[in-house]
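Scroll down for the structure; my scribbles are underneath it.
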Amino acid sequence: MKFGKRLKRQIEETLPEWRDKFVSYKDLKKRVRLICTTLEEEANSNGPASSGCASTRVSEEEEEFIFLLNAEIEKFNAFFMEQEEEFVIRQKELQERIQNVTATLGPNGRRMSESEYKEEMGKLRKEMVNFHGEMVLLENYSSLNYTGIAKILKKYDKRTGGLLRLPFIQKVLQQPFFTTDLLSNLIKECESTMQTVFPTEMQERTEKTVDIAAIEDSIFRNTLAALVTMREMRRGSSTYSHFSLPPLNLAEPPDQSDTFTLLSPIPIQ
Amino acid sequence: MEARSIFPSQRSEGKQLSAMNSSVGRSSSLSVLPTPAEKKYPKLPDCQQVSMEKELWANRVGQHRASIATNNGAIGHMFSTSSGFTSELHYSSSLQHQMHANSAPFFSQASNNVTSVAQALPSQSVLFQTTSPSNFTRENNDATWSDDSLFFDFSDGGGCHSQIQNSTGMASQDQSRQSDFQEWADQIMADDTLVATGWNDLLVEPDPEIKGPKLPSDFTVSQPQINQQVPALSGDSNHVASPSVTNGTQNKPRMRWTPELHECFVEAVNRLGGSEKATPKGVLKLMKVEGLTIYHVKSHLQKYRTARYRPEASEGGSDTKTSLEEISSLDLKTGIEITEALRLQMEVQKRLHEQLEIQRNLQLRIEEQGRYLQMMFEKQCKTSEKLKMPSLLDDASGASPSDITQSSKENDLGKPLAMNETDIIPEKTEDRNQQFDQKQRIVEVESSNPDQVTNVGSELPPAKRLKSSLS
Chain A
-19 MKFGKRLKRQ
-9 IEETLPEWRD
1 KFVSYKDLKK
11 RVRLICTTLE
21 EEANSNGPAS
31 SGCASTRVSE
41 EEEEFIFLLN
51 AEIEKFNAFF
61 MEQEEEFVIR
71 QKELQERIQN
81 VTATLGPNGR
91 RMSESEYKEE
101 MGKLRKEMVN
111 FHGEMVLLEN
121 YSSLNYTGIA
131 KILKKYDKRT
141 GGLLRLPFIQ
151 KVLQQPFFTT
161 DLLSNLIKEC
171 ESTMQTVFPT
181 EMQERTEKTV
191 DIAAIEDSIF
201 RNTLAALVTM
211 REMRRGSSTY
221 SHFSLPPLNL
231 AEPPDQSDTF
241 TLLSPIPIQ
Chain B
660 MEARSIFPSQ
670 RSEGKQLSAM
680 NSSVGRSSSL
690 SVLPTPAEKK
700 YPKLPDCQQV
710 SMEKELWANR
720 VGQHRASIAT
730 NNGAIGHMFS
740 TSSGFTSELH
750 YSSSLQHQMH
760 ANSAPFFSQA
770 SNNVTSVAQA
780 LPSQSVLFQT
790 TSPSNFTREN
800 NDATWSDDSL
810 FFDFSDGGGC
820 HSQIQNSTGM
830 ASQDQSRQSD
840 FQEWADQIMA
850 DDTLVATGWN
860 DLLVEPDPEI
870 KGPKLPSDFT
880 VSQPQINQQV
890 PALSGDSNHV
900 ASPSVTNGTQ
910 NKPRMRWTPE
920 LHECFVEAVN
930 RLGGSEKATP
940 KGVLKLMKVE
950 GLTIYHVKSH
960 LQKYRTARYR
970 PEASEGGSDT
980 KTSLEEISSL
990 DLKTGIEITE
1000 ALRLQMEVQK
1010 RLHEQLEIQR
1020 NLQLRIEEQG
1030 RYLQMMFEKQ
1040 CKTSEKLKMP
1050 SLLDDASGAS
1060 PSDITQSSKE
1070 NDLGKPLAMN
1080 ETDIIPEKTE
1090 DRNQQFDQKQ
1100 RIVEVESSNP
1110 DQVTNVGSEL
1120 PPAKRLKSSL
1130 S
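Read top to bottom, the protein sequences are chains A and B. Quick note on the working numbering: the first sequence kicks off at -19 and runs consecutively. Quick note on the working numbering: the second sequence kicks off at 660 and runs consecutively.
In structure tokens, the structure reads:
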């Protein structure tokens, strides 16, 4: 139940075009409940003689359920790969632009003035940070959906006594949306190029004069929401098992992120 | 045909090949293919090639078993992991052609590609040796291989190809085989599906992803989505994604664009005069990536144009200027503030990224442990059945009901497990025995004792530490 609520909140915070790409956790949960009730009814009404048809019913139900899950996974894969593609394109473009700017050449090929250079760098930095943020959010998307699927499978097995979870999750692990290595590489590359973009003399942390309370940048907000959600999810649950993840151990005190007030979503320009 | 005549000599060079391969790279992954190939395609022409393949294969150690098995379409991607592959695949295509004449099934061709590579390689070792391994490595990392791989038109001066031609030095020496390669390439790729470059990741990463996207045979829905990834040869072969490439009437499978593939694309576009002038057809032709359809190129080109257009517009226009001004004046001080804000944002993002990675790794390991325990469970069940120890069952009655909640998989193998592996929680055995009737519910591998984890899943010490700290 809690996961459903957290997921919902995360979806609300997320970028608008991502909203319907998340796992339909609530619907799947309902579905699981429906399956169980039909099975129970069958067993109760018909008695032991129905065991034969009940088993076929089970397999039918299971097939339908599997079909649903596959549809969800398809959805994830499609969206994920599309985003990945766009990131690949953007990364290349950003790299080119950085090369141009560091060579202090403007778009027309002429040398840029000091102010122009600063301006371009400023733009670049912002874009890079946002780009990085979006990629991380996609990673988060992948993780969240995986967790949702895993939970649904667990519920299914619990209710129906089936053995669906283990083999199915193995397949899920290999789906494109969960194999985020390419994305990780992109993120790492982005982080390393950041070094060149951000001025070195500002490495030391200066006083945070920025107004933290009113963060309007939606990517930033989403990232914070994702972190908060993640921490909460791993705080420990009633059904803790050895399949559960250990509690999140964020080095920094949670106060900092709590000070960020999350405003209403603003679409990214 | 030329290739055929090579085989007798290749036989003797088999070991040489093995040595070469082992020195070159992870050629061992090829070893997987023969087995499924043999199983699945018994009607393969019983020619020298086949028998020689078997010989050579026996010498290899399979590293990336499943990945290779699953990716007969991913031949191109295998290059990225092993330099030995690249040349091998080149040659495999030539051999393949030989086999193709026998109208072997498509899969077998693909699998034979790899298997026959070994044979082809020695014969064409001239070509192979002319190019230093470093070249291959570079090529492999380039990942243009993954898409274009061998099935190039060598005579073509396409951007992607020229790289490979120069580095491999094959262009000059391969004149005689060019037409052959082309034909074979066309044949192969007409049926085969080039796995998207996402395979690079899968191949590089060891377990569990090594298993490759073994698309479940039941789950047909997910098939088209998986980037034309060919299902494992060993199983699920009924879902060949290849038809979707050839006839193109099925729902367009997604292509997983990697940076390398994209670079190839950009080169092709630039050759054609820029993103505006380039047409999808022209780009497709120029790229010469097998498995790439015009739909892929079209959509990618569209995205590319959009991505280019926006920054160009912003550079010329004043939109970004005004937004920057809104956030801060042109004052230097506020410039610093912006940078600080960005830095802060960056920190948060980095942290999230870190945590996500950690979480993902944990999840993978948890599942792997689950799988391992499941395996053990099944093994124990079989063992216990064989042993037929009714005396063990008699002891089950005395267990306390509170342990039912643990629902551990080891419940059933409590006693047998204790007997076979005495160091595993002997005190828990009598608690578990009563769970025999609850076998069905105990599929979930929830070992209640961290010690089990230590003994059974020895590769997860950090996870165990974390868990034990909480239990």
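Ideal Cβ positions, reconstructed from N, Cα and C, are used throughout, including at glycine.
Between the segment 102 to 120 of chain A and the segment 133 to 148 of chain A there are fewer than three C-beta pairs closer than 8 Å, too few to call the two in contact. The beta carbons of Leu(-5) of chain A and Glu64 of chain A sit no closer together than 8 Å. Taking every protein chain shown into account, the CB of Thr965 of chain B has fewer than 16 other CB atoms within 10 angstroms, so this residue is exposed. Exposure of Thr36 of chain A is indicated by the presence of fewer than 16 other C-beta atoms within 10 angstroms of its C-beta. By the criterion of a C-beta distance shorter than 8 Å, Met61 of chain A is surrounded in its chain by Pro156, Phe157, once the five residues flanking it on both sides are discounted. Residue burial is scored here from C-beta neighbours: Ala51 of chain A has fewer than 16 other C-beta atoms within 10 angstroms and is therefore classed as exposed.
For Ile997 of chain B, the chain A residues whose C-beta falls within less than 9 Å of its own C-beta are Gly102, Arg105, Lys106, Val190, listed in chain order. Residues of the segment 1009 to 1021 of chain B that bring their beta carbon within less than 8 Å of a beta carbon in chain A comprise Lys1009, Arg1010, Leu1011, His1012, Gln1014, Leu1015, Glu1016, Gln1018, Arg1019, Leu1021, in sequence order. Taking 8 Å as the upper bound on Cβ-Cβ separation, chain A lies near no residue of the segment 940 to 957 of chain B.
If you look at Asp0 of chain A, you'll find it isn't in any alpha helix (DSSP H); DSSP assigns it neither H nor E. At a beta-carbon threshold of 9 Å, the residues of chain B lying near Gln71 of chain A are Pro918, His921, ordered along the chain. Of the candidates A:Glu41, A:Glu100, A:Thr82, A:Asn125, the residue whose Cα lies closest to the Cα of Thr160 of chain A is A:Asn125. Nearest CB-CB separation between Ala83 of chain A and chain B: not below the 8 Å threshold. Ranked by how close their Cα comes to the Cα of Lys168 of chain A, the residues B:Lys1047, B:Met1005, B:Gly1029 have B:Met1005 in first place. Here Ala206 of chain A is not near Gln71 of chain A, since their CB atoms are 8 Å or more apart. For Lys151 of chain A, the closest C-alpha among the options A:Ser198, A:Leu49, A:Asn110, A:Phe200 is that of A:Leu49.
Sequence-distant Cβ neighbours of Phe59 of chain A in its own chain, meaning closer than 7 Å and more than five residues away, are Lys1. Separation of Gln79 of chain A and Tyr1031 of chain B (C-alpha to C-alpha, rounded to the nearest whole angstrom) is 49 Å.
Glu119 of chain A is positioned such that its CB atom lies closer than 8 Å to that of Leu1015 of chain B.
Taking Glu935 of chain B as reference, the option from B:Asn1020, B:Gln1033, B:Tyr968 with the minimal CA-CA separation is B:Tyr968. Counting along the chain, the unbroken alpha helix (DSSP H) around Glu919 of chain B starts and ends at 918 to 930. Here the C-alpha atom of Glu44 of chain A lies approximately 52 Å from the C-alpha atom of Ile997 of chain B.
With respect to the C-alpha of Gln961 of chain B, the residue from A:Arg(-1), A:Leu14, A:Ile69, A:Glu40 having the closest C-alpha is A:Ile69. Rounded to the nearest angstrom, the gap between the Cα atoms of Thr127 of chain A and Lys134 of chain A is 10 Å.
Leu1023, Ile1025, Glu1026, Gly1029, Arg1030, Gln1033: these are the residues of the segment 1023 to 1039 of chain B whose beta carbon lies less than 7 Å from some beta carbon of chain A, given in chain order.
When secondary structure is reduced to three states using DSSP, Lys1047 of chain B falls in the coil class, being assigned neither helix nor strand. Judged by beta-carbon spacing, Leu1011 of chain B lies within the 8 Å limit of Thr203 of chain A, meaning their Cβ atoms are closer than that value. Shown here, Pro156 of chain A sits in coil according to DSSP, grouped into three states, outside any helix or strand. Thr1042 of chain B and Arg211 of chain A have their alpha carbons spaced roughly 43 Å apart.
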